[in-house]
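There are 4 protein chains.
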Amino acid sequence: MVRLRFSLELAYQIGEWPCDFIFNVQAAHTPCQRILNERLSITQPVPCTHYTDVSGNRFMRLRAERGALTVRYEATVDIRHYVDQPDQLMELPIAQLPAEVLPFLYPSRYCESDALHVFAAREFGALPKGYSRVLAIQRWVRSRMTFKSGVSNPNTSALNSIQQGAGVCRDFAHLMIAMCRAVNIPARFTSGIDYGADPALGPTDFHAYVEVFLSHRWYLFDPSGTAIPMGFVRFGSGRDAADVSFATIFGGLQSFVPVLHIEAIADPAQGLDMPRHRPEALSTDAGFGSAV
Amino acid sequence: MVRLRFSLELAYQIGEWPCDFIFNVQAAHTPCQRILNERLSITQPVPCTHYTDVSGNRFMRLRAERGALTVRYEATVDIRHYVDQPDQLMELPIAQLPAEVLPFLYPSRYCESDALHVFAAREFGALPKGYSRVLAIQRWVRSRMTFKSGVSNPNTSALNSIQQGAGVCRDFAHLMIAMCRAVNIPARFTSGIDYGADPALGPTDFHAYVEVFLSHRWYLFDPSGTAIPMGFVRFGSGRDAADVSFATIFGGLQSFVPVLHIEAIADPAQGLDMPRHRPEALSTDAGFGSAV
Amino acid sequence: MVRLRFSLELAYQIGEWPCDFIFNVQAAHTPCQRILNERLSITQPVPCTHYTDVSGNRFMRLRAERGALTVRYEATVDIRHYVDQPDQLMELPIAQLPAEVLPFLYPSRYCESDALHVFAAREFGALPKGYSRVLAIQRWVRSRMTFKSGVSNPNTSALNSIQQGAGVCRDFAHLMIAMCRAVNIPARFTSGIDYGADPALGPTDFHAYVEVFLSHRWYLFDPSGTAIPMGFVRFGSGRDAADVSFATIFGGLQSFVPVLHIEAIADPAQGLDMPRHRPEALSTDAGFGSAV
Amino acid sequence: MVRLRFSLELAYQIGEWPCDFIFNVQAAHTPCQRILNERLSITQPVPCTHYTDVSGNRFMRLRAERGALTVRYEATVDIRHYVDQPDQLMELPIAQLPAEVLPFLYPSRYCESDALHVFAAREFGALPKGYSRVLAIQRWVRSRMTFKSGVSNPNTSALNSIQQGAGVCRDFAHLMIAMCRAVNIPARFTSGIDYGADPALGPTDFHAYVEVFLSHRWYLFDPSGTAIPMGFVRFGSGRDAADVSFATIFGGLQSFVPVLHIEAIADPAQGLDMPRHRPEALSTDAGFGSAV
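If you read the protein sequences in the order shown, they are chains A, B, C and D. The first sequence begins at 1 in full-length UniProt numbering and counts up one residue at a time. The second sequence begins at 1 in full-length UniProt numbering and counts up one residue at a time. The third sequence begins at 1 in full-length UniProt numbering and counts up one residue at a time. The fourth sequence begins at 1 in full-length UniProt numbering and counts up one residue at a time.
Pasting the structure below:
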């Protein structure tokens, strides 16, 4: 188990017109991710609606008025990982996939898998099925994409990234998801923050990674390779970034660079490990069927 | 109330390799659409899984073997319509939208509203908000698109349709949805069959239309203008055609033209009307809040 | 006649690997643009090839080595304008267009007129033909596009600009050209610098404008509306920016902001006017047939 | 030398409105392609303009009236080939390319090489330069594309083909050209008809192939692999299909399937060979510099 304590601060300056926000910056409630404590504060005295969707994603909605708005959140979470042997993880035949998993085979806004079937079949169609094929897709994404800010924007999709060959973690994730779905492997987009991000890439930031459904569970992949998967805290899971953006904003405003901190609390006596790179397959998902 | 009796038959010839199917061709269970009777038959003796998602959409999944496969479905449904005065229907501020409605503000695979914000703001940004603005969007779509088969394909999106200027009901629906979302009006894609389709367009076929969220409810729009909205039977609702395709097929096969029949059963004594074009706003959705 | 004196300076820092450059920054030789004097200097002692293409565009090619490279050019040019009454300018039937003009009806990299035929026909197909229709296209471009740096990049095309709704003079020009060609009006891309640019947009910069073929001649249009057409100095004309980029560079390097100066030399005694906005149609093209 | 005799017939039915045509269906005049005899007939008594552009492409323009229009052309041509050893052909440094060749480094409508630089660099950047790298690009195109009618249309570009993975000879050519230019190898589009086309693909049709500039000359490549390069008769060369379409049509009409015939006249006594597949590099271009 790992214990992570983190905080984040989002700051905006709203102009003449009010702005609507939908935030997805709280740790998700999942069977594997337990929130020990959390604290949320908003500097404007506006009404605020909280809701949780069927996937356990937590959203907070508010309408901010002219002036400064700061949202602060801090939490401590315990994350338990399923650790499996990669070579035992199978791609399930479509006929055996749980119904809830099927939508993650379909194309979505930033993962145009329908337009990439032929491309993906040529690259990955002949590989043996299973975890190793997903790793091959991840390797391909890394060989095609350079990590670089300022090349992509919020409208950038997998098709765009194939051409541009560069982007940030979100773009790596979208491309990997599109390729998985294009060869009929369910894949979804997960957002959060993570411990252990490569300091060469700047201060701790939000992170996007990929979950792929194999055997009876969603397994974690970090296509941009910039973090330690054991150190991920999940905020939201969805089809792509359209579902779980950390802040969806309606209206014009000025926004400042988010400030994030995260630390791992290791204590072997309590069974609390430091996040580390591991060769096994990791999942933070309860799974389906009898697996757990 | 209208009562509609319909049947459909889908036929395929599967080759050497089995094919997985996900069908969405059964009448949805909704508060306004009651199924009086239905019958489903499948000509191959294969296991078949049925499931219903959170929106009430019904899916049937099966893996078909080599040879012919025919799926037949027939049902009689009663549909009750909310009928409202258009000029009383408002666009809700984002802050007041029900949480379940928010995902229908986001871009999706075939409705790239994020890439069309500027375009839509120029066309529709200055219009008074409400039902009349949605009608203006529908008129614009009709002025831009010609109904024509063979121009579009299953990968065609709203951005493509703007260029091509022609397509089928699915393309009209995607374009209208993208434009609505681009000006922050929630809109979703609905599939089904309908009574009263223009016979000039050929035999009865599946139909796609649009629902727009106004005041406290989803209202029906038929951007292709090829049918009578009162005569719609709903199979599925979702973000776009990726969610509620009548048949999602994994594998190669030969498919035949679907055969559909539909008739209206009118009986004024029982309060059963013929579907007809009406100037009011129509909804077959239970609505949110105190509205019903 | 206007007399313009200008200078420009382009500076680069080349790294370990040599870089090839193709510059198009010298005043073009055309019947209406006479070069009174010019001076060109290059700070690296490398061989340099000069050539002029069939359109009178002048190119300079060189391979620069590691270190700094500065290219300076200054010239004084006299420009004579054909001034015509807009209402007498016709769109020629295709059958009567000079052969040299036909390629400017075809789609090009950044002006995908083939994909925009339907769109353009809906917007402009019903308008009376002639100069006024071209003005209508120009007005439409201005109503759709906001002048803004940093939104577009060198790969941005007319199709992209329709979505983005913002860009620089190059993007305005590409969009106007695409729309003209889409309704069968020959249009080409012209680059240069100009006197009288709006100082609110920053220091003098390169400029891109549009020439449209009407009656027997190419007429000037400035879709971004940021300059005074009488003050344009032509460097190159082509299908789009792929043909007459001011610098096409092969290799990696650091480039600095170009420094440009331009002044008008007015002397009524010599018949030298100040550039000014004029309501008539302007051309700096010798024309075809008996027109001159 | 090969001698080819061919004929073609294009038939159209024009409706109420006249249609403008620009045909490019006559054998080009080039130093290596000599026209022994030719005959052209047009069934409508309309004026017809012939012109030849700087590349030797021959165009014929006419405006056809209501009713049937048939264009028949037949010719006998002698084609002489430069035959070179592939391993002696070099990619020239940009600094040494003839000025006339430079435009074929630039992106064009259907060959978006600017958007594919990163992609191409990853696929082909590390390969040794020269003829073998061009062959590697051709092999890659063949491994990515399936020959199939009805998948692409006249607006299909190289970017589209990467996704679709299927198309006709025109699409194969555009993709190969885009990839060559993206790694700074000049490449152009050539249209014509050819002897020896694979009969499995249907009756003799127009053909599109690629010429790549190596050492001092343009060399022939047939990326679709459906014909015998020695049996090509050249109609036109340009940046892509926008320049040398066999018929550019302005207006609505009905067109019929073209009828083409071609035969090779072999006579060893006269030095006339049968076209055959050869392992050497072939060119039908006079070349630049001292090479010839």
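Here a beta-carbon is modelled for each residue, glycine too, at the ideal position from N, C-alpha and C.
Residue i - containing alpha helix (DSSP H), residue span
| i | result |
| --- | --- |
| E263 of chain A | From DSSP, E263 of chain A is part of no alpha helix (DSSP H) but of the beta strand (DSSP E) over V259 to A264. |
| Y131 of chain C | Y131 to R144 |
| L159 of chain C | A158 to Q164 |
| A120 of chain B | H117 to F124 |
Span of the beta strand (DSSP E) around residue i
| i | result |
| --- | --- |
| C19 of chain B | C19 to F23 |
| A210 of chain C | A small correction: the amino acid at residue 210 of chain C is Val; Ala does not occupy that position in the sequence shown. It spans F206 to L214 - the beta strand (DSSP E) in which V210 of chain C sits, taken as one unbroken run. |
| C48 of chain C | C48 to T52 |
| I228 of chain C | Counting along the chain, I228 of chain C falls outside any beta strand (DSSP E), and DSSP gives it neither H nor E. |
| I185 of chain C | No beta strand (DSSP E) holds I185 of chain C; DSSP gives it neither H nor E. |
| E38 of chain A | Q33 to I42 |
| L282 of chain A | A281 to S283 |
Rounded separation between residue i and residue j - CA only
| i | j | result |
| --- | --- | --- |
| R139 of chain A | P223 of chain A | 8 Å |
| residue 297 of chain A | E123 of chain D | Since the displayed chain A opens at 1 and closes at 292, residue 297 of chain A lies outside it and no answer follows. |
| V210 of chain C | T190 of chain C | 6 Å |
| P107 of chain B | R72 of chain A | 28 Å |
| Y51 of chain D | L260 of chain D | 23 Å |
| A208 of chain A | S245 of chain B | 29 Å |
| L105 of chain D | D171 of chain C | 22 Å |
| N184 of chain C | V168 of chain C | 25 Å |
| D205 of chain A | R188 of chain C | 46 Å |
| A121 of chain B | C180 of chain A | 35 Å |
| residue 327 of chain D | P98 of chain C | Outside the displayed span of chain D (1 to 292) sits residue 327 of chain D, for which this structure offers no information. |
| P268 of chain D | R276 of chain D | 14 Å |
| Y195 of chain A | E74 of chain A | 14 Å |
| D78 of chain D | E9 of chain D | 21 Å |
| P279 of chain D | Q44 of chain D | 46 Å |
Proximal residues to residue i (C-beta, below 7 Å), its chain only, five neighbours per side dropped
| i | result |
| --- | --- |
| E16 of chain C | R66 |
Anticipated Cβ contact below 8 Å, residue i with residue j, distance rounded
| i | j | result |
| --- | --- | --- |
| V233 of chain B | G192 of chain B | 5 Å |
| R80 of chain D | C32 of chain D | 5 Å |
| F21 of chain C | I249 of chain C | 6 Å |
Under the three-state DSSP convention, the category residue i falls into
| i | result |
| --- | --- |
| H81 of chain B | coil |
| E16 of chain D | coil |
| R72 of chain B | strand |
| R217 of chain B | strand |
| Q254 of chain D | strand |
| L62 of chain C | strand |
| S113 of chain B | helix |
| A197 of chain C | coil |
| A247 of chain B | strand |
| P170 of chain D | For the sequence presented, residue 170 of chain D should be read as Arg rather than Pro. In this structure, R170 of chain D counts as helix in the three-state DSSP scheme. |
Residues near residue i in its chain [Cβ-Cβ closer than 8 Å; skip 5 each side]
| i | result |
| --- | --- |
| I265 of chain D | R3, L4, R5, T76 and L272 |
| M46 of chain C | Contrary to the premise, residue 46 of chain C reads as Val rather than Met in this sequence. Answer for V46 of chain C: L62, R63, A64 and E65, listed in chain order. |
| D198 of chain C | T226 and A227 |
| A242 of chain A | S108, R109 and Y110 |
| T30 of chain D | G56, R234, T284, D285 and A286 |
Beta carbon proximity, residue i to chain F, threshold 7 Å
| i | result |
| --- | --- |
| G167 of chain D | Among the chains of the structure shown, chain F does not appear; the protein chains present are A, B, C and D. |
Chain-order list of residues whose beta-carbon lies under 6 Å from that of residue i (same chain, five-residue window excluded)
| i | result |
| --- | --- |
| S55 of chain B | S237 |
| S255 of chain A | Y12 |
| L175 of chain D | V141, A158 and S161 |
| F23 of chain C | M60 and A247 |
| D114 of chain A | P107 |
| K148 of chain A | A166 |
| A68 of chain C | Q13 |
| M90 of chain B | G130 and S215 |
| L116 of chain C | A178 and A182 |
| E38 of chain A | A75 |
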